[in-house]
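So the structure is just underneath, and the comments pick up after that.
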Amino acid sequence: MSSKAEILKKIKQNQPDFVTDLPDLEVLGSENPNVLETYKTVLKNIGGESVEVADYNEIIDFLKNNYALEKRIITTIPELAEVAALDWKNDDPHTLQNVELAIVKGHFGVAENSAIWVTDDILGQRVAPFIAQYLAIIVNKNDILPMMHQAYKRIGNLEYGFGTFIAGPSKTADIEQSLVLGAHGARGLIVFLLD
Amino acid sequence: MSSKKTIPHSEVATRFNKDVERVNWHDETLWFVREKRDKAAHQIPDWELLRETASQIKHNVLSNIHDYLIEFEENAQKNGITVHWAADAKEHNEIVHAIMAKHDVKQMVKSKSMLTEECHLNDYLAEKGIEVIDSDLGEFIVQLRKEPPSHIVLPAIHLKKEDVSETFHEHLGTEKGNFNPQYLTESARQTLRDTFLTRKVALTGVNFAVAETGEFVVCTNEGNADMGAHLADVHIACMGFEKLIPQRKHLGVFLRLLARSATGQPITTFSSHFKKPRDGQEMHIVIVDNGRSTQLGREDFRNSLKCIRCGACMNTCPVYRRSGGHSYHNAVAGPIGSILAPNLDMSKNADLPFASTLCGSCTNVCPVKIDIHDQLYKWRQVLVKEGHTPAAKTVAMKTMATVLANPTIFNLAGKSGRFMMKNVPAAVNNKMNKWYDQREMPAVPEESFREWYKKNSRESKAKDNEQ
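Here it is as structure tokens:
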């Protein structure tokens, strides 16, 4: 007998006789916080930064004033072509190792933990938000949801190859519980909250 | 590792307790993490409902896991993922090695996976000439020191920054005496960046696997699982079969609980959903049993398979905090590890269910409401019955049972005990008496409660009044 058949047989023998019902998830997540304010507070607490902007021009101005534009900046957003490269999506992912800043669009944010949902179709490359030294994500203010329950409702059964919630910059506290930002992924995260 | 003789928990714990200052530090550091957990939990009005919901979802999983596994495999295969089944640790290791051999690759970068610790994968691959680098900072540190992780979430929690500095100076050439965590983390970042960029095979663990969609979720704060997986040609993900959940929407419940219970964060920095390999990449999932189906059949202990590996039970455990993770001689330490370990090897791990005060704090913080302290208590019964406990303990327990069952003997024993403690204290205050370890014996009362009660109870008072 194959291991698969053997494992499944043993499981069938040993699992409880009656299948218990799945609980109702609708009773969860009914609290209604001030989503935008909560989002900003939580993001700040976990080491990220938020900037409210009216349009893409304001984002470009902010980037010009705060980042060294001569370093490699990549994006998937055509409106940012003035400050960032768009022609890297089909490159070998290893060639992104010298990227200083990656700017991507997020589908939506979650107020309770400040996470932003991104999928490979808007990331350009899966490794992009991890390998860049710094990361910026743009999300519409109207797309901040209260909790994870609403987040998965929104995702529903959408198709993706890879998707991730990103909450703040990469971090570790593995040395004596001292928090250090910039473990292996981005050293800093800036979230542009777009009107 | 597995071939070495196991030293009992109490013995390693005694050694750990020799450095009082360090034990206090270890205790306080973990308690600090527990407090962060409390703060995070108290901010969620629905917290208790969330725990109950998570527990019920896992209950459903355990009662239907056969069908969920088949559903998961079908969907994962549709997504282009190759699914392997391993009955035990040996088969798991062989499967991983076969994938490496097929691609003729001698190096692997690995993110945190307690399952591969349980299976001793690193040792196995080393024997086959394959170098594994653990990329989680804590695991990287303990790997350089040739130690196992001492905690499932905080692998290097037993070390001080001075220890890490010394290790990095020796292996990475960092400045001697530079203890700055920022500096030390940065040096690991630089070293491991090169590792990520050059490895063809990346192995990750799995936090949750979704039957409905065939995807799996990996949670990290460092981004190391993603750095490895997205740059490698081959991604291998290893999971115990109990990691399954029915539907995608159930992730909403577990992702709200996991990081809050583990470190007090609202969520881990990255919660990555791997559904399909990227173009040109190969993706494998290894589903492992290794004793889990046996545990599923033990009615008293099957709930331990609900565990989502948050580590909250360790952070709160007064025994874990003052004995350290290494004293548990098992990949998963602490209260939950002490329930899982005897299932893997009863005689080798017979000491672990006794490494608890049964205070119940573990049960109170468990995000999936596993009755941890009850199961520890039940394991003790099983282990004594099956003869796995030391002879001295068995004799002592049997003697106690006789004494407690017979009022005359009980009375006599109490009297002679008090007499001895009063008149021959050396007979009690010596090394033979485990209760004398690190504490003074109490002052001897003049009479037992029974004697006092005889004099003072209502009936005896009434009798006195009649006279």
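As they're listed, the protein sequences go chains A and B. Taken in order, the first sequence gives residues 150 to 344; the numbers are from this note's numbering. Taken in order, the second sequence gives residues 25 to 491; the numbers are from this note's numbering. Backbone N, C-alpha and C fix where the C-beta goes; we use that ideal spot for every residue, glycine too.
Take the Cβ of residue i as the centre, count every other Cβ of all protein chains shown within 10 Å, and call the residue buried at 16 or more, exposed below.
{"i": "B/W476", "result": "exposed"}
{"i": "B/E266", "result": "buried"}
{"i": "B/L161", "result": "buried"}
{"i": "B/I94", "result": "exposed"}
{"i": "B/W49", "result": "exposed"}
{"i": "B/G238", "result": "buried"}
{"i": "A/Y283", "result": "buried"}
{"i": "A/K254", "result": "buried"}
{"i": "B/F325", "result": "buried"}
{"i": "A/H298", "result": "buried"}
{"i": "A/V176", "result": "exposed"}
{"i": "B/M456", "result": "exposed"}
{"i": "B/R482", "result": "exposed"}
{"i": "B/E464", "result": "exposed"}
{"i": "B/V85", "result": "buried"}
Grouping DSSP H, G and I as helix and E and B as strand, with all else coil, what is residue i?
{"i": "A/R221", "result": "strand"}
{"i": "B/V494", "result": "Residue coverage of chain B in this structure runs from 25 to 491, which leaves residue 494 of chain B outside it and unanswerable."}
{"i": "A/Y283", "result": "strand"}
{"i": "A/N289", "result": "strand"}
{"i": "B/F56", "result": "helix"}
{"i": "A/G305", "result": "coil"}
{"i": "B/C390", "result": "coil"}
{"i": "B/E155", "result": "strand"}
{"i": "B/H175", "result": "coil"}
{"i": "A/G337", "result": "strand"}
{"i": "B/S295", "result": "strand"}
{"i": "A/V168", "result": "coil"}
{"i": "B/M421", "result": "helix"}
{"i": "A/E231", "result": "coil"}
{"i": "B/C334", "result": "coil"}
From the beta carbon of residue i, is the nearest beta carbon of chain A less than 7 Å away?
{"i": "B/V408", "result": "no"}
{"i": "B/W49", "result": "no"}
{"i": "B/S27", "result": "Residue placement at B/S27 cannot be trusted, given a pLDDT of 47 that sits under 50; what the coordinates show is reported in the next sentence. It does not: the Cβ of B/S27 has no partner Cβ on chain A nearer than 7 Å."}
{"i": "B/M338", "result": "no"}
{"i": "B/A111", "result": "yes"}
{"i": "B/N245", "result": "yes"}
{"i": "B/D313", "result": "yes"}
{"i": "B/N124", "result": "Rather than Asn, the amino acid found at residue 124 of chain B in this sequence is Met. B/M124 does not count as touching chain A."}
{"i": "B/M251", "result": "yes"}
{"i": "B/V230", "result": "no"}
{"i": "B/N135", "result": "For the record, residue 135 of chain B in the displayed sequence is Ser; it is not Asn. Taking Cβ atoms only, chain A never reaches closer than 7 Å to B/S135, which makes this a no."}
{"i": "B/G321", "result": "yes"}
{"i": "B/R58", "result": "no"}
Cβ of residue i less than 7 Å from any chain B Cβ?
{"i": "A/P295", "result": "no"}
{"i": "A/F257", "result": "no"}
{"i": "A/S199", "result": "no"}
{"i": "A/K320", "result": "yes"}
{"i": "A/S327", "result": "yes"}
{"i": "A/V253", "result": "no"}
{"i": "A/A332", "result": "yes"}
{"i": "A/L342", "result": "no"}
{"i": "A/F314", "result": "yes"}
Measuring CA to CA, which of the options is closest to residue i?
{"i": "B/C337", "options": "B/S385, B/N373, B/I363, B/G315", "result": "B/S385"}
{"i": "B/L178", "options": "B/L279, B/S137, B/D147", "result": "B/S137"}
{"i": "A/E249", "options": "A/A234, A/W266, A/E198, A/L192", "result": "A/A234"}
{"i": "B/S16", "options": "B/N48, B/K458, B/A233, B/S380", "result": "Given that chain B is displayed from residue 25 to residue 491, the structure contains no residue 16 of chain B and the question cannot be resolved."}
{"i": "B/F203", "options": "B/L183, B/E151, B/E236, B/R217", "result": "B/L183"}
{"i": "B/D395", "options": "B/R75, B/K63, B/F56", "result": "B/R75"}
{"i": "B/P466", "options": "B/G441, B/K479, B/S484, B/M456", "result": "B/G441"}
{"i": "B/S285", "options": "B/V57, B/E35, B/R39", "result": "B/V57"}
{"i": "B/G114", "options": "B/L73, B/E98, B/I311", "result": "The sequence shown places Lys at residue 114 of chain B, rather than the Gly named in the question. Answer by Cα proximity: B/I311."}
{"i": "A/A260", "options": "A/L157, A/A332, A/I315, A/P172", "result": "A/I315"}
{"i": "A/L171", "options": "B/I123, B/R169, B/H274", "result": "B/H274"}
{"i": "A/G196", "options": "A/S263, A/A281, A/I222", "result": "A/S263"}
{"i": "B/G315", "options": "A/I156, A/M150, A/S151", "result": "A/I156"}
Say yes only if the C-beta of residue i is nearer than 6 Å to one or more non-hydrogen atoms of the ligand HEM, and no if none qualify.
{"i": "A/R275", "result": "This structure lacks the ligand HEM, and indeed carries no ligand of any kind."}
Q) If you measure beta-carbon to beta-carbon, which residues of the segment 161-174 of chain A are closer than 9 Å to chain B? A) K161, Q162, N163, Q164, P165, D166, F167, V168, T169, D170, L171, P172, D173, L174
Q.
Please identify, using Cβ separations under 8 Å, the residues of the segment 375-393 of chain B that lie next to chain A, in order along the chain.
A. none
Q.
Tell me which residues of the segment 69-96 of chain B have at least one Cβ-Cβ distance to chain A shorter than 7 Å, keeping chain order.
A. P69, D70, L73, L74, T77, Q80, I81, H83, N84, L86, S87, N88, I89, H90, L93
(Q) Against chain A, which members of the segment 287-304 of chain B pass a CB distance test of less than 8 Å? (A) T287, Q289, P290, I291, T292, T293, F294, S295, S296, H297, F298, K299, K300, P301, R302
Q. Can you list, in chain order, the residues of the segment 151-184 of chain B whose Cβ is nearer than 9 Å to any Cβ on chain A?
A. S159, D160, L161, G162, E163, F164, I165, L178, P179, A180, I181, L183, K184
Q | Interface positions of the segment 214-234 of chain A facing chain B (Cβ-Cβ less than 9 Å), listed along the chain | A | none
Q: With 9 Å as the C-beta to C-beta threshold (strictly closer), list the residues of the segment 273-286 of chain A near chain B in chain order.
A: Q274, R275, V276, A277, P278, F279, I280
Q) Along the segment 194-206 of chain B, what residues have a CB closer than 7 Å to any CB found in chain A? A) P205, Q206
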